[in-house]
Amino acid sequence: MIPYIKFVNYPKDYNWWELIKPQPSPFVKTVNENIYKTWNGEALINFKWNTYGKYYYAVIWISFMVLLSCFTIAATVPQQYIDKNIQNQLFIVSIIFGFIHLSFEIRQFIYSPKKWIRDFWNIFDLISYLLPIITSFKWLQTNDMNDHHIIQLLSFSCLFLDIKFLLFFRAFESFGIYFEIIINVAKQIIYFLVLLFIIIISFAHAFYILLLPRSDYSF
Numbered sequence: 001m002i003p004y005i006k007f008v009n010y011p012k013d014y015n016w017w018e019l020i021k022p023q024p025s026p027f028v029k030t031v032n033e034n035i036y037k038t039w040n041g042e043a044l045i046n047f048k049w050n051t052y053g054k055y056y057y058a059v060i061w062i063s064f065m066v067l068l069s070c071f072t073i074a075a076t077v078p079q080q081y082i083d084k085n086i087q088n089q090l091f092i093v094s095i096i097f098g099f100i101h102l103s104f105e106i107r108q109f110i111y112s113p114k115k116w117i118r119d120f121w122n123i124f125d126l127i128s129y130l131l132p133i134i135t136s137f138k139w140l141q142t143n144d145m146n147d148h149h150i151i152q153l154l155s156f157s158c159l160f161l162d163i164k165f166l167l168f169f170r171a172f173e174s175f176g177i178y179f180e181i182i183i184n185v186a187k188q189i190i191y192f193l194v195l196l197f198i199i200i201i202s203f204a205h206a207f208y209i210l211l212l213p214r215s216d217y218s219f
């Protein structure tokens with residue numbers, strides 16, 4: 001028995017506009033983390049996760065795996081080992097699933113623009129979806145693997161997609177602990193790294209001035 005009366009209830013009246021901007025429940029509106037540190041809060045989260053959360057998460061993860069697989073195969077397999085039409089179809093599928101995931105980010109932005117912008121991971125997700133879409137469009141237009149810009153876009157797109165795939169494991173406690181450790185350590189040493197960077201730049205600047213040639217010379 002959870003003593004949060006109507007805490008997770010959603011509005012009974014729905015319309016099509018809510019597909020873009022849904023009406024949240026008090027559970028979604030609550031930003032106080034302390035409530036989720038109690039046994040009642042933990043029971044509530046476990047209930048919502050086991051009831052439908054894990055299935056919703058699995059569908060999103062599987063659709064992302066389709067995007068990752070199609071784009072990675074199209075970008076990685078050498079052209080002599082893959083038919084050009086199949087490669088183009090893989091890029092088209094990547095565009096479709098990229099827009100699907102991009103729509104999730106747009107929906108979150110419409111719901112709460114300020115909250116969305118303040119979260120770094122939302123910006124990261126946006127880049128992770130936009131890069132493959134832009135790269136796929138550019139590839140379908142040029143179809144030239146020797147294009148230096150295409151190679152750069154393919155490389156960074158795969159990098160962001162791979163990191164995004166890794167971030168999906170945050171939802172599982174066994175992996176989430178290590179993500180939390182990494183983030184907390186990074187927060188603790190960020191100021192030390194800034195100071196170290198300034199010191200290195202200062203010494204580099206000083207030695208650059210010291211060793212700067214004062215007369216013309218030739219090799």
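Reminder that position 61 of the sequence shown reads as 61 in full-length UniProt numbering, one-by-one numbering, no gaps. The beta-carbon is built from N, C-alpha and C at its ideal position, and this holds for glycine as well. Please read all numbers here as calculations on a predicted model, not as lab measurements.
Could you tell me whether the stretch 82 to 101 touches the stretch 43 to 52, using the rule of 3 or more Cβ pairs below 8 Å?
-> no
Pair within 8 Å by beta-carbon distance, L161 and I134 = no
Sequence-distant residues of its chain with Cβ nearer than 6 Å to L126 (five each side left out) = E105
Cβ of S128 within 8 Å of Cβ of K164?
-> yes
Take every Cβ of the stretch 63 to 73, pair it with every Cβ of the stretch 81 to 92, and state whether three or more of those distances are shorter than 8 Å.
-> Flag = yes, the stretch 63 to 73 and the stretch 81 to 92 touch.
What residue range is occupied by the uninterrupted alpha helix (DSSP H) comprising I82?
-> No alpha helix (DSSP H) holds I82; DSSP gives it neither H nor E.
Below 8 Å between beta carbons: does that hold for R170 and F156?
-> no
How is the alpha helix (DSSP H) around Y52 delimited, first residue to last?
-> Neither: Y52 is in no alpha helix (DSSP H) and is coded neither H nor E.
Which of helix, strand or coil does DSSP assign to T76?
-> helix
D162 in three-state terms, based on DSSP | In this structure, D162 counts as helix in the three-state DSSP scheme.
What do you reckon, are the CB atoms on L67 and P132 nearer than 8 Å?
-> yes
Taking 8 Å as the cut-off, decide whether the C-beta atoms of M145 and Q79 are in contact.
-> yes
So L196 is in the alpha helix (DSSP H); what residue range does that whole segment cover?
-> 173 to 211
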